[in-house]
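Chemist:
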Amino acid sequence: MQTSAPAELDTPRLRLRRTRLADAEAIFSGFAQDLEVTRYLTWRPHADIGQTRDFLSGRDAAWARGNDWTWAITLREADTCIGLLGLRLNGANADIGYVLARSFWGRGLMSEAVRAVVDWAFTSPAVRRVWATCDVDNVASARVLEKAGLTREGILRHWIIHPQISETPRDCFCYATSRSPQEASAGGRRTGA
Numbered sequence: 017m018q019t020s021a022p023a024e025l026d027t028p029r030l031r032l033r034r035t036r037l038a039d040a041e042a043i044f045s046g047f048a049q050d051l052e053v054t055r056y057l058t059w060r061p062h063a064d065i066g067q068t069r070d071f072l073s074g075r076d077a078a079w080a081r082g083n084d085w086t087w088a089i090t091l092r093e094a095d096t097c098i099g100l101l102g103l104r105l106n107g108a109n110a111d112i113g114y115v116l117a118r119s120f121w122g123r124g125l126m127s128e129a130v131r132a133v134v135d136w137a138f139t140s141p142a143v144r145r146v147w148a149t150c151d152v153d154n155v156a157s158a159r160v161l162e163k164a165g166l167t168r169e170g171i172l173r174h175w176i177i178h179p180q181i182s183e184t185p186r187d188c189f190c191y192a193t194s195r196s197p198q199e200a201s202a203g204g205r206r207t208g209a
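This is the structure:
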């Protein structure tokens, strides 16, 4: 099982890098307080930058544990955080979650970032499945996951609370991609979902 993640992952248009406390202002002003961006997230919009700093401190502690990593998403030509992408390992499974500033929606950036993290996760022979959920009403997020190569497996009824929408658990789509034990032991890439 992997116990460390690369501090940086590059894609054609993006650099995913380990978050820093210095990202707090860009995160807070760029998306953490945006009601539309946080609509389908499991946390409420940040009321002040102190919440954002606390969040980043928590992400740093999680990174040190060796099974829960969050990368800041930046454009290759700039080092400003425009979003976040996290991956958590749990045995042979890894789940992902993400957020992107509204001004960068609709460009395919998040699908590009998700593909990079999924590809990295499968470099570990122990990882057999990468999955994510999204609210059944979050059409844009469902499209991100599909474009990143994950397949919709079904609906998880009453799965998670999105406090911007409801205080009761909401139905979510489950998306995943996996590889067989043979592919994993050979160190090979997945052949499909």
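Residue numbers for the sequence shown follow our numbering, so the first one is 17 and each next one is one higher. Backbone N, C-alpha and C fix where the C-beta goes; we use that ideal spot for every residue, glycine too. Predicted, not measured: the structure shown is a model, and the values here were computed from it.
1) For A50, which residues in the same chain have their Cβ closer than 8 Å to its Cβ, ignoring the five residues on either side in sequence?
2) Please return the same chain residues whose Cβ sits closer than 8 Å to the Cβ of G124, not counting the five positions on each side in sequence.
3) What do you get for V160, buried or exposed, if any count of 16 or more other CB atoms within 10 angstroms of its CB means buried?
4) Thinking just about the alpha-carbon of each residue, which of L100, P141, P185 is nearest to the one in S196?
5) Which of the three DSSP states is assigned to T90 in this structure?
6) Around the Cβ of L105, are there at least 16 other Cβ atoms within 10 angstroms (buried) or fewer (exposed)?
7) Does the region 129-143 come into contact with the region 63-75, if we say contact requires no fewer than three beta-carbon pairs (one atom in each stretch) closer than 8 Å?
8) My output table needs one value for L25: the three-state DSSP class, helix, strand or coil.
9) Can you check which of these residues, D111, E128, D153, is closest to A137 by C-alpha distance?
10) Using three-state DSSP, classify I98 as helix, strand or coil.
11) Just curious, the alpha helix (DSSP H) that S73 is in, first and last residue?
12) So, helix, strand or coil for M17, using DSSP?
13) Assuming contact is defined by CB atoms lying nearer than 7 Å, are C97 and A88 in contact in what I supplied?
14) Would L91 be called buried (16 or more neighbouring beta carbons within 10 Å of its own) or exposed?
15) Report the rounded CA-to-CA distance for Q67 versus I43, giving the unit in angstroms.
16) Assign G208 to one of two classes, buried (16 or more other C-beta atoms within 10 Å of its C-beta) or exposed (fewer than that).
17) With a threshold of 8 Å on Cβ separation, who are the neighbours of A192 within its own chain once the five nearest residues in sequence on each side are excluded?
Modeler: The short version:
1) Residue numbering aside, residue 50 sits at position 34 when the sequence shown is read from its first letter. In the sequence on display, residue 50 carries Asp and not Ala. Contacts found: P61, A117, R118.
2) As a first step, residue 124 is located in the sequence shown; it is residue number 108 there, counting from the start. Contacts found: K163.
3) Here residue 160 corresponds to residue number 144 of the sequence shown, with the count starting at 1. When all chains shown are included, V160 counts as buried.
4) Here the question's residue 196 lines up with position 180 in the sequence shown. Per the Cα distances, P141.
5) The residue given as residue 90 occupies position 74 in the sequence shown. It is a strand residue.
6) Numbered from its first residue, the sequence shown carries residue 105 at position 89. Buried, by the Cβ-count rule.
7) The way I'd put it, the region 129-143 doesn't touch the region 63-75; fewer than three beta-carbon pairs between them come closer than 8 Å.
8) Indexing the sequence shown from 1 puts residue 25 at position 9. Of the three classes helix, strand and coil, the one that applies to L25 here is strand, per DSSP.
9) On the sequence shown, position 121 is the one that residue 137 refers to. A137 has its Cα closest to that of D111, out of D111, E128, D153.
10) Against the sequence shown, residue 98 aligns to sequence position 82. Looking at I98 - three-state DSSP - the assignment turns out to be coil, as it is neither helix nor strand.
11) Walking along the sequence shown from the start, residue 73 turns up at place 57. That run of the alpha helix (DSSP H) goes 65-81.
12) Within the sequence shown, residue 17 is the residue found at index 1, counting from 1. Unreliable positioning characterises M17 in this predicted model, as indicated by a pLDDT of 45, which lies under 50. A coordinate reading is not provided.
13) To locate residue 97, count along the sequence shown from 1; it is residue 81. To locate residue 88, count along the sequence shown from 1; it is residue 72. Yes, they are a contact pair.
14) As a working note, residue 91 is residue 75 in the sequence shown. The residue in question, L91, is exposed, as its Cβ has fewer than 16 Cβ neighbours within 10 Å.
15) Stepping through the sequence shown from its first residue, residue 67 is reached at position 51. Stepping through the sequence shown from its first residue, residue 43 is reached at position 27. Straight-line Cα distance between these residues: approximately 11 Å.
16) Within the sequence shown, numbered from 1, the residue matching residue 208 stands at position 192. Residue placement at G208 cannot be trusted, given a pLDDT of 48 that sits under 50; the coordinates are not used to answer.
17) Residue numbering aside, residue 192 sits at position 176 when the sequence shown is read from its first letter. The answer, listed in chain order, is R145, V146, W147, A148, L166, T167, E169, A209.
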